[in-house]
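Per this note's numbering, the sequence shown starts with residue 1, numbered consecutively.
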Amino acid sequence: MLAGFCVAYFNTLGKIDTHLRNSATHQAGQVAQYISFISAANPEKALVKELTHTLHSNRLSPSPLTEPSSIRVYNSVADLFIKKPKSTDSPEYYRQKLEAGSSPNGFYRHNQSIATDHHGVWNIEVILDKAQMEKKLNQELVKQFITVLICCTLIFSLIFLLMKRSLVKAIVETEIAKHTLDNMEEGVVVIDNNDKILNYNQMFIKLTGISEELLTKEGFKVHQLVDDSSKMRSLVREQLRINQRWCGELQIKRGSDEPIPAKVSISIVRNNVNRVAAFVIVINNLTKQKTREKQLEQLAYFDPLTTLANRASFDLRLKHEVDVCRRLDRKLCILFIDLDKFKTVNDTLGHECGDQVLKIIAKRFRTRLRNTDTLARIGGDEFTVILPDLDGNGGFEKLGRELITLAGSAIRLDQRDVFLGASIGAAIFPDDATHVINLLKLADAAMYRAKSQGRNQIVFHHSEHCIDCSEQKSVAHELQQAIYKNELQLVYQAKINMRTGNIEGYEALLRWKRDNNLVAPAKFLRIAEERGLINQVDRWVIRAGIQQLKSWHTRFRDDISLAINISSIQFYDAELIPFLGSEVHRAKLDPAKIEIEIKESTLCQDEQRAAKTIRSLKRLGVKVVIDDFGTGYSSIGCLGKLPIDCLKIDQSFVSNIKEEQNDQTVAKTVISLAKSLGIDVVAEGVERKLQETVIKDLGCQLAQGYLFSRPLPAKQIERELESVYEVHA
């Protein structure tokens with residue numbers, strides 16, 4: 001603006017003559033117009049008088065730039081010479097100059113003629129003072145310059161103030177952003193299209209182990225931190241082009257140190273014309289997470305004491321080996337090994353010595369078996385072995401006897417020799433069974449026969465049956481009659497909130513008296529499974545349990561819950577959901593007060609079908625509880641995928657939880673994992689106050705066991721409820 005004014009100023013001064021000519025022409029035109037106007041209405045004397053008065057009184061409009069120094073108006077009759085007030089020269093001076101036919105120095109002269117109808121031709125001369133015009137021009141330009149200067153100053157001041165505020169705001173925001181960036185737990189780096197580093201935070205330096213000097217060094221590229229960088233870059237670029245974002249796990253190099261696992265996300269930053277300006281890379285260190293996952297996997301698939309495969313790993317391997325043998329038409333043998341006299345070692349020498357014995361036995365067994373064989377510890381002193389494609393049944397028996405010999409060899413503990421033995425049960429695929437679960441059950445039963453026959457021997461299933469066939473048929477027939485005549489019984493064990501001491505609900509447990517003698521559930525339920533009666537038994541339990549719960553809701557409170565155990569066969573039965581739904585609807589019960597308990601092993605039989613059944617149960621509204629959890633059947637990872645409501649920690653972990661550090665570790669892990677997934681945890685088999693204290697300290701609030709209540713008949717439960725609740729009228 002100021003520069004433009006200066007250019008205009010010099011242009012104006014350079015055209016002073018043009019301004020003089022325009023001003024003189026304007027003044028002469030004014031006089032000529034006035035003479036033309038008054039000449040028709042006035043005689044000559046009156047015209048001269050009027051014209052003289054008008055010129056002296058300055059009634060004509062002046063030039064916009066300057067007034068004339070003098071005006072001469074004359075004709076053949078009159079000669080008027082008017083000196084303007086601001087002129088310093090006398091009329092005679094101008095007249096002499098004019099009569100001499102020349103313009104005075106420093107003045108501009110302009111002549112103009114006008115012809116009138118009554119007074120002839122009038123001549124008009126206008127004399128302009130150049131100095132006056134230059135002065136007025138300078139004054140006018142100075143005013144304009146000052147105005148422009150003031151405006152420029154105000155504008156520049158406003159711009160400076162706004163820029164200062166914006167700059168301060170930008171600095172503050174930059175400092176906040178930098179502080180935030182440097183305090184993030186993730187490493188952050190910003191690069192341009194050429195992989196040049198534009199910005200980074202301190203965590204990025206810490207994660208990568210690279211010095212700031214190297215980061216800012218010419219030629220360093222971020223992709224050098226990743227193995228197989230060319231392949232990675234190609235993949236990332238393609239994903240960014242399609243999705244505008246990429247996220248995945250990579251191994252980040254750390255100089256000479258081991259690479260670290262990291263979750264890396266890359267996002268595109270675009271400029272105001274929607275072009276890619278930069279890439280923001282966020283790196284999250286997964287080392288702790290991966291270590292935790294590895295620990296969980298170790299707990300899920302390996303025995304923490306002996307490092308052998310656990311039940312979950314054993315079941316997966318057995319299923320795989322059975323499939324292979326079925327496809328190749330080969331035999332497979334399962335050995336179920338139980339150590340003899342191990343309880344005596346635990347009781348006399350303590351659990352630490354018992355653990356040492358288990359480690360030594362496991363090591364001995366492992367050295368004898370082939371790489372293709374699978375050795376697992378599935379319980380306290382119980383081991384299982386999978387022997388695929390051994391040389392006939394004689395080869396299976398020979399190996400079993402060798403394992404018995406290894407178990408019976410002296411073990412040196414506390415400067416004394418300890419002697420154990422081993423009872424082994426064996427079952428052969430496909431001779432004895434074709435289903436994985438049945439195969440293991442038969443080997444287990446054969447192991448008990450080995451113990452009953454004197455221990456320290458191997459017994460095959462096909463040599464004898466666990467129960468005589470005729471006796472088994474008799475038991476099955478009587479069981480069927482008991483179901484029909486409603487002679488089975490349910491007892492109920494309370495589930496206690498250890499924090500409040502309140503009863504949270506009950507678990508229904510099945511009992512059967514045969515000839516006034518109580519038959520062990522494990523015995524008659526196994527017969528029920530083998531004879532195809534288990535669904536009838538389970539349905540009786542479901543129906544009786546729901547009827548009892550309805551009675552309690554009617555007489556007492558409707559917030560009492562009941563857990564009902566069902567077998568794996570019933571769980572996978574397609575009629576379970578319709579039957580259960582019908583019974584709940586008939587009793588008009590809130591389904592959320594019913595808990596269906598399934599054993600952990602049931603989940604592994606068919607994970608897809610198990611997930612489908614659990615979701616169907618949840619849609620029905622009932623709760624799902626996993627019983628005997630922690631024995632190693634299921635994958636811990638599957639818990640987050642299934643809508644499970646509660647886990648029951650197996651009593652084998654609770655019984656010696658104070659003394660057994662491994663049991664504490666497993667229990668603590670299960671409780672922590674369940675809490676993170678929003679799943680309740682119940683500790684089973686709590687019999688001593690010390691067990692309750694440890695369980696509570698580990699974060700478990702719910703428990704069952706003889707410490708709180710034994711399984712009781714319904715009538716005794718009702719007497720207890722009457723003492724707590726007001727009976728409904």
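Think of the CB as a built atom: it goes at the ideal place given N, C-alpha and C, for glycine as much as any other residue.
By DSSP's assignment, SER423 forms a beta bridge with ASP338. Using a Cβ-Cβ distance cut-off of 8 Å, the stretch 275-285 and the stretch 185-193 are in contact, since at least three pairs of beta carbons, one from each stretch, lie closer than that value.
8 Å or more divides the Cβ of GLU134 from the Cβ of ARG109. Closest in alpha carbon position to ILE361, among LYS485, PHE419, LEU387, is PHE419. For ARG368, the uninterrupted alpha helix (DSSP H) run begins and ends at 351-368, by DSSP. In the DSSP assignment, CYS646 falls within the beta strand (DSSP E) that extends over 646-649.
Within the DSSP bridge table, the entry for TYR108 names LEU128 as partners. Taken atom to atom, the span from the alpha-carbon of GLN661 to that of HIS351 is near 10 Å.
Listed in chain order, the beta strand (DSSP E) elements of length 3 or more contained wholly in the stretch 657-700 are 680-683.
The beta carbon of LEU308 lies closer than 8 Å to those of PHE302, ALA362, ARG366, LEU375, ALA376, ARG377, PHE383 in the same chain, with the five residues before and after it left out. Contact check for ILE527 against LEU439 fails: the beta carbons are separated by 8 Å or more.
For ALA520, there is no enclosing beta strand (DSSP E), as DSSP marks it with neither H nor E. In the three-state reduction of the DSSP assignment, ARG416 falls in the strand class, which pools E and B. For ILE437, the enclosing alpha helix (DSSP H) starts and ends at 436-452. Collapsing the DSSP output to three states places ILE560 in coil.
Here PHE302 carries a strand assignment [DSSP, helix/strand/coil].
At least 8 Å separates the beta-carbon of HIS477 from that of ALA426.
In the three-state DSSP reduction, LEU509 falls in the strand class (E or B).
Under the three-state reduction of DSSP, GLY380 is assigned to coil, being neither helix nor strand. No residue range can be given for ILE566, since it is assigned to no alpha helix (DSSP H) and is classified by DSSP as neither H nor E.
Contact check for ILE191 and VAL222: beta-carbon distance about 6 Å, within the 8 Å limit, so the pair qualifies. Taken through DSSP and simplified to helix, strand or coil, PRO43 comes out as coil. In the structure shown, ILE210 falls within a coil segment according to DSSP collapsed to helix, strand and coil. Out of SER582, GLU487, LEU141, the CA that lies nearest to the CA of ASN516 is found in GLU487. DSSP, read as helix, strand or coil, puts PRO578 in helix. Between the stretch 664-678 and the stretch 644-654, the count of C-beta pairs closer than 8 Å reaches three or more; the two stretches touch. Shown here, ARG245 sits in a strand according to DSSP, grouped into three states.
Rounded to whole angstroms, the separation of the alpha carbons of ALA714 and ILE542 is 15 Å. The stretch 284-295 makes no contact with the stretch 395-409, as fewer than three CB pairs between them are under 8 Å. According to the DSSP assignment, ALA611 belongs to the alpha helix (DSSP H) that extends over 607-620. Comparing alpha carbon positions, the residue from LEU161, THR613, GLU597 closest to GLU575 is THR613. Secondary structure note for SER655: it is in no beta strand (DSSP E), with a DSSP letter that is neither H nor E.
Judged by DSSP secondary structure, ASP257 falls within the beta strand (DSSP E) whose first and last residues are 257-270. Annotated as proximal: GLN570 and ASP538, with beta-carbon spacing under 8 Å. A direct Cα-Cα distance of roughly 12 Å separates VAL264 from PHE204.
A distance of 8 Å or more separates the beta carbons of VAL491 and PRO643.
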